[in-house]
Amino acid sequence: MAKPKKRYRLAVDIERCKACGLCVAYCPRAVLELSRDRINGKGYPFVEVAAPDACIGCQSCVWVCPDCVIEIFESPQEEGDRS
Amino acid sequence: MAKPKKRYRLAVDIERCKACGLCVAYCPRAVLELSRDRINGKGYPFVEVAAPDACIGCQSCVWVCPDCVIEIFESPQEEGDRS
Amino acid sequence: MSKRVLMNGNEAVAEGAIRGGCDCYFGYPITPQNELTAYMAMHMPRHGRVFVQAESEVAAINMVYGAAGAGVRAMTSSSSPGVSLKQEGLSYIAGAELPMVIVNVQRGGPGLGNIDPSQGDYFQAVKGGGHGDYRLIVLAPDSVQEMHDFTADAFDLADRYRNPVMILADGRLGQMMEPLILRTREPERVEKPWALTGARGREKNIIRSYFSVDGVLEKRNEALQTKYRRIADAETRVDPYLMDDAELMLVAYGTCARLAKAVARDCRAAGIRAGVLRPVSLWPYPTEALRSYLDRVKNILVVEMSAGQMVEDVRLAVEGAVPVHFHGRMGGGVPTTADIRAKADEITGRAR
Amino acid sequence: MSKRVLMNGNEAVAEGAIRGGCDCYFGYPITPQNELTAYMAMHMPRHGRVFVQAESEVAAINMVYGAAGAGVRAMTSSSSPGVSLKQEGLSYIAGAELPMVIVNVQRGGPGLGNIDPSQGDYFQAVKGGGHGDYRLIVLAPDSVQEMHDFTADAFDLADRYRNPVMILADGRLGQMMEPLILRTREPERVEKPWALTGARGREKNIIRSYFSVDGVLEKRNEALQTKYRRIADAETRVDPYLMDDAELMLVAYGTCARLAKAVARDCRAAGIRAGVLRPVSLWPYPTEALRSYLDRVKNILVVEMSAGQMVEDVRLAVEGAVPVHFHGRMGGGVPTTADIRAKADEITGRAR
Amino acid sequence: MTTTTEKPVFTRPQTLTDRPMAYCPGCGHGIVQTLMAGIIDELGIREKTVGVAPVGCAVETYNYFNIDMSEAAHGRVPAVATGIKRARPDLVVFGYQGDGDLASIGLAEIMHAANRGENYTTIFINNTVYGMTGGQMAPTTLAHQKTQTTPLGRDPETTGHPMRMSEIIATLDSPCLVARCAADTIPNIRKTRALLLKAFQYQLAGQGFSFIEILCTCPTHWHLSPKDSMDYIGRVLTPIFPCKTFRDRGAGHEG
Amino acid sequence: MTTTTEKPVFTRPQTLTDRPMAYCPGCGHGIVQTLMAGIIDELGIREKTVGVAPVGCAVETYNYFNIDMSEAAHGRVPAVATGIKRARPDLVVFGYQGDGDLASIGLAEIMHAANRGENYTTIFINNTVYGMTGGQMAPTTLAHQKTQTTPLGRDPETTGHPMRMSEIIATLDSPCLVARCAADTIPNIRKTRALLLKAFQYQLAGQGFSFIEILCTCPTHWHLSPKDSMDYIGRVLTPIFPCKTFRDRGAGHEG
Amino acid sequence: MKDERVILSGSGGQGLMFIGKLFAQMGMDVYPHVTFMPSYGAEVRGGTSHCRVILSEEAIASPVVEIADSLVVMNQPSLDRFLPALREGGRAIYNASMVQPPAGSVAATGVPATEWALEMGDARVANVIMLGAYLRKTELFPFETAEAAVAEFSAAKGPDAETMNRQALKRGWDAAGDGA
Amino acid sequence: MKDERVILSGSGGQGLMFIGKLFAQMGMDVYPHVTFMPSYGAEVRGGTSHCRVILSEEAIASPVVEIADSLVVMNQPSLDRFLPALREGGRAIYNASMVQPPAGSVAATGVPATEWALEMGDARVANVIMLGAYLRKTELFPFETAEAAVAEFSAAKGPDAETMNRQALKRGWDAAGDGA
Ligand SMILES: Cc1ncc(C[n+]2csc(CCOP(=O)(O)OP(=O)(O)O)c2C)c(N)n1
Ligand SMILES: Cc1ncc(C[n+]2csc(CCOP(=O)(O)OP(=O)(O)O)c2C)c(N)n1
Ligand code: SF4
Ligand code: SF4
Ligand code: SF4
Ligand code: SF4
Ligand code: SF4
Ligand code: SF4
Ligand SMILES: [Mg+2]
Ligand SMILES: [Mg+2]
């Protein structure tokens, strides 16, 4: 029986992000991108979740982020659950 | 041809001697002894050459003496040379 | 007479520390205070307390910093060159407001100097050998009994003000033996809510002296200065001897104070009304006490085992009101009563 | 105007040292003097001279001791905490009478403090942060030009008296850039027959401060004190500004002296006859120069970036003859001309 | 099996405060400190842990961790940690040090704390430069690496070769755990976490001194982007500073 | 062949002054310093050699050697030697240090001088105690050895195991010669001399830092007779401090 | 000559130190007293990096500008922080690409320096554009003097940088012409 | 009670510190002020190790005896060094086995302490013989007090040492009797 594909939600604390780009570089699924048009209070073009559905919850972004910007949650499996 | 036995003269700077006894202990020929009746200016029963003829010039006494008390000279081979 | 024991000054300090509740001792050998470290090595473990021979004086003072930060009573001791090495640490300790006790059994300087008694580290102790504006409370015993008592007191003082306290002694006080009544009073215990004990059920505590945000360090400094004024008001100690009618005031501390007292007795026998004002706390300095005698006193003679260090504090107090004379020996030399007496005679015009 | 270059104070010191004939530099990074070390790292090797980044300030000062003992011109620099670590070494250097130059670009203290400018290490510099009776010659520049010139001079002074010389600066003087005329005068060169160069054709030389035989260390100390008197006679430096008819004497050194001068000008514009006495040598202190104004001066205002350190030397000079007031900032704070002016007004009864 | 509510996969450790870290973008200090916070959470020791912060870029670590902390004079972290641990052996103590702090000015202190087998945990951040003061040579600086004080590159003939601290510490008998790891790739960061966890566990078991050296980026003074800095660790640093466990006495016996 | 005049077999080295050494009877310092004087004579470098004396029983070494010498603050011999050698590379420089001086307070300095490969020679007298100050524990004190500060014997659990300095120095890349020997038996004293000679030769050849550790007696604080102290080295010390050459880069190439 | 006290401020990478030093250097040839003070220590925070330059006929008491004649600001936090230090009637040159025009009685000149620099193909020359505008406004130096100084300062960075910086200077200078 | 200032001196191994401390300890029970000062620092040289004890009714200024009431000397350098410090009419107790009788107006008592100690089978008790003689001469304490103190001080060294020391004390005491 094939496991149902898990889905994840990423919570990005954008004010903390320094746009170092490490999460972007280490994400195996190109989920993340640095903003091209917005900056946070410190002037950084913080990270944005560009392809949320692609996330596999591998936490690579978390492991490399020096500023503990990203939190990850496993979404409930029911349909229609994603807002 | 048997080598003629060499003979040595030991010059002991008795004021330097601290009577540690190391030369006595390391001499392979029991040439040296600590004085039983005399002391030097510092109060040490300095080392005496008890058996001068037994010396083989091995310098063991020199190697171990911490105070560089002893000098060694090889005596000329002629008879009657020892005073 | 109560039961007395014969001890040398270094051991008396050590036993004073133990009775003063010292929990941790960190030291590094140096003459002429080795008996202190040796005593602690033997006795601290017997009391279930901590003795560590540190790898250096620098390490020792920073171990004290750690232990004091953790809220226990901690101490180190050394002699002049070793105390110089502790100056950075002392500045940190003063800046972080950590209570601790340090003992300097002074020896001849500068440099390696010798191991004879000296009072050449007065400036370092009272003005601040480390960087920045800070103060140690500095106590100067003049007997083995005081070596003992002041050390025990020092821990209470340190805790009361969250401030380092120095016992400023010298090789002679460290080496000589005298009868001694051992301390029985219990140490004062104060709460230390600021200490590092684990942030359980409270906000975290931080021990620090770094304040990089604009103006914060200045505020800290102002608070320190306020504390120092409070200490000066409450903890200035002085020992006047035959001062009631004295016209010649000898000012001396520690070893020199004992000599000065003998000279004062001697002077009086010869008709010179001499007395001794012995500063017991060198910081805070008994400036007011000293000034209180200036209306009667005609001359002041300061005696030190230095080129003239404490004499500056005397002159700061006197402000020219009375002539201040000085007799000093350096580099391990100790004044003799005869020389001090001769100087006294010279000053009072009785030179023989 | 001669050709000027724009440099910051730290670089000006470094280039001053090079032009003053510094052969060896030993340092350890610390803010706010890193540009000095960086400059030396770049330029000393270009001149075929020695740059070593030591493993610590303690190592650096002892490398200087070695190099100075070998008869070359040697130097180290640091900022407050680092200078505290050098105190043992400085006492050794003074005791062994080695010429060398040390620069302290002071920062806020005590402890780690911050990296803002300060004058909190005055006591340490002039009274002796190390153990024993010794003195550093202490020069206090107040501009980038003086940072440069004094450093070059310092090497000559050091050699002339076989004595350590300290340049006592602060973070602001280190960091600011000003136009500067680079030194072209050749260093004075003195013979050093005492130096360690190998005992060829002469008696061996020994660099030491340990004298264990009874009385010898005291003799050494007496000789040192004699030398210090000689230095005091010949090398006291002071910069009087608008002092001819001044009734209010501002006393300040370094960064504060510049502020004081502006305030003096400002006061005069407002009809207050103010002047500035700037001690340039902090040891020897210009006591006599200061006293020479006491007949006309009605008030003295000392301005420092400290809780009040140099003010003691002023009071020692004044001995109560004139009221001595104080305005100080601590922990990285720098007085403003407005605050100093307000204090001046208060003192002279012109409070607005 | 399906879940009905969101399940946290990774959330911010409780041991971290809300204060943003003042490190440069992509700095290795942040990676390691996030790991440490997670470990303190995992072991449930936040309320009995005391950290000692160095002088260096990590000087304000006490702002980031929600635990009791002490500052230490430059290089003296091991002495301060010794003082704390001897005073209160019930606390869990760690010392956090940079390479200037630990391998240069504080070399005697770290060696002796290690030799005494002080029962605390050392986290050694090797970024091959003095970060805080502007990128000067550290004892771990590579041969020919350019820094503020080696403007032409470090010359091993006059300034020495990079010091390999783990190897040096491992010559001592007392330490229970000595290892080098790197905060560069995901597997390496995971290994780093495992080592740090082990070090704290050994301390809890009274095993004595543990030493975890972590190769960390300093993008600012390496003059590389954060990502290039990460790559530099694997490409340039690890051949000279091999990641390996030099000592692992194993848990189990007390003292 | 017969000789007609007396031939000197051993005479007092010219490098020794007339001053009697102030060491206790049988002290190892005297044995080593006599060897050193002979070597300086042999190499003909008396007039260009500068020694650095430590704080310790050997503090007055400058009274015994007829060469230029410098005192150094406790532990700072390597820094002072560095200063001298950098200032005047043409001089032959040696640093003479005790175990308290070198392995305790001065550990950072010796490690860094070694790591920089300073071109001077270190003679390290390991007598497992602080001689001068009255026999306290040194970093090299053996487990369970009684000293003034370990009155019940050194407890390795709280004060550490004896530090093996040669092994530690040998972890560094720069030193050209690192060896331990002993001044106990005649063969060992001969070997010691050979090593010291080599060390000076390497310095003359510009080979860099050399480190000769010598196990030496301290009859006074070992509470043994001089002879028993000599035997103690072989019986008790060398099993823990093996005599061997840890590094010998060989002479030959400059720099 | 009028004395000039200017604060130049922006974020870390915007090159304020460069133009500050350049300005101080120009001043040095004309004024007896010049100081350049970089921000350091407690001042380095809140996303601004700044420096202060004083050109003066008289000895300068403090290199820290307490009241500024001019502000050159390249990001918003800089303007917010230093506007209070600008004297009544002082001038502010601001990077209009990133900063809102200041309110109040300020002679404000906005130049979209970042935008223009990007147009020119190198974001890094925004600072020199700002310098050009500032210099034009101060009327302290003729354009040629400024151009020579920029050239000298840029030389080390190669001929391309020099050309680019000259152009940037000109663009700023022109932009701040009458009526800007 | 008369004040007593004594210098006890000999070579390193002769145990002067032991008897000096013992004497100070005895004094402590009777005198309000007592000091014991060992030699250290620059004083330790020239083959003597010494200590000074002062028993006094008055506060003691300096534990370093400048003018001594008594000397107890066990080797020649000690006598040579300290004889000048002995006051006019002071007493010297000397180890006649190793020291020449002092010249001048000194109340000198020679005891061949080393010889006797060797006779008794332990060279180390020579110091206690000297102490016995000294104590008898000072007349400060009855023999019983001295005996008890010696016993207490020797206890740690075991019963044999104690017996030996008692005998040594007695021998010295007796030797210094009338006319000695
Ligand atoms: C006694 C002393 N010396 C020097 C300094 C200056 N200083 C601060 S941090 C530092 C080095 C920091 O480098 P490192 O330990 O490698 O830490 P990093 O910043 O790289 O994390 C120095 C030299 C100081 N604060 N105190
Ligand atoms: C800063 C400082 N700390 C301590 C001392 C005291 N001191 C003198 S020698 C010494 C240790 C000597 O031991 P070691 O180096 O082993 O030499 P040894 O006497 O055994 O030859 C110490 C701690 C000092 N002189 N200076
Ligand atoms: S959890 Fe993995 S897949 Fe998802 S964003 Fe992070 S790195 Fe990418
Ligand atoms: S790793 Fe963290 S700080 Fe860096 S870009 Fe991603 S979220 Fe931002
Ligand atoms: S040379 Fe050899 S045989 Fe002669 S006395 Fe010395 S040790 Fe004995
Ligand atoms: S070894 Fe030297 S000091 Fe010792 S007894 Fe022999 S000669 Fe005397
Ligand atoms: S300077 Fe380097 S180590 Fe320091 S915070 Fe920046 S990147 Fe990190
Ligand atoms: S104490 Fe030990 S090391 Fe020092 S001189 Fe005596 S025997 Fe030698
Ligand atoms: Mg680093
Ligand atoms: Mg030793």
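Protein chains in written order, with my numbering: chain Z, 252 to 334; chain V, 252 to 334; chain W, 389 to 740; chain F, 389 to 740; chain G, 27 to 281; chain B, 27 to 281; chain X, 29 to 208; chain E, 29 to 208.
Ideal Cβ placement from N, Cα and C applies to all residues, glycine included.
Residue i CB to nearest heavy atom of ligand 10 below 6 Å
i	result
alanine 284/B	As shown, chain B starts at 27 and ends at 281. That puts residue 284/B outside it, with no answer to give.
glycine 126/B	yes
Residue i Cβ short of 6 Å to ligand 4 heavy atom set
i	result
cysteine 644/F	no
valine 298/Z	yes
valine 270/Z	Residue identity differs from the one stated: residue 270/Z is alanine in this sequence, not valine. At least one heavy atom of ligand 4 is nearer than 6 Å to the Cβ of alanine 270/Z, so yes.
Closer than 6 Å: residue i CB and nearest ligand 8 heavy atom
i	result
tyrosine 49/B	yes
Distance CB(residue i)-CB(residue j) smaller than 7 Å
i	j	result
cysteine 412/F	alanine 113/B	yes
methionine 565/F	asparagine 396/F	yes
alanine 145/E	alanine 136/E	no
arginine 115/E	isoleucine 95/E	yes
proline 188/G	threonine 166/G	yes
Buried/exposed call for residue i, threshold 16 Cβ in 10 Å
i	result
alanine 726/F	exposed
glycine 518/W	buried
lysine 256/V	exposed
isoleucine 323/Z	buried
serine 334/Z	Its pLDDT being 43, under 50, serine 334/Z is placed unreliably by the model, and the measurement read from it follows with that caveat. Classification for serine 334/Z: exposed.
histidine 279/B	Here the model assigns histidine 279/B a pLDDT of 48, short of 50, so the residue's position is not dependable and the matter cannot be decided.
methionine 389/W	Low confidence applies to methionine 389/W: its pLDDT is 48, below 50, so where it sits in the model is not reliable enough to give any reading.
aspartate 44/B	exposed
Check: residue i C-beta below 6 Å from any heavy atom of ligand 9
i	result
valine 155/G	yes
Cβ-heavy atom distance, residue i to ligand 7, below 6 Å
i	result
cysteine 351/Z	The displayed coordinates of chain Z run from 252 to 334. Any statement about residue 351/Z would go beyond what the structure contains.
proline 46/G	no
proline 245/G	yes
Check: residue i C-beta below 6 Å from any heavy atom of ligand 1
i	result
isoleucine 136/G	no
Considering only heavy atoms of ligand 3, list every residue whose Cβ is less than 7 Å from one of them, following chain order.
-> Tyr259/Z, Leu261/Z, Cys274/Z, Tyr277/Z, Cys278/Z, Pro279/Z, Arg280/Z, Val282/Z, Leu283/Z, Ala305/Z, Cys306/Z, Ile307/Z, Gly308/Z, Cys309/Z, Gln310/Z, Ser311/Z, Cys312/Z, Val313/Z, Ile321/Z, Ile323/Z
Against chain E: residues of the segment 705-723 of chain W by CB proximity under 8 Å = Only Gly720, Val722 from the segment 705-723 of chain W bring a Cβ to less than 8 Å from some Cβ of chain E.
The segment 82-111 of chain G: positions lying closer than 7 Å to chain B by Cβ = none
Name the residues in the segment 29-56 of chain G whose C-beta lies less than 8 Å from a C-beta of chain Z; which are they?
-> Thr29, Thr30, Thr31, Glu32, Lys33, Pro34, Val35, Phe36, Thr37, Arg38, Pro39, Leu42, Pro46, Met47, Tyr49, Cys50, Pro51, Gly52, Cys53, Gly54, His55, Gly56
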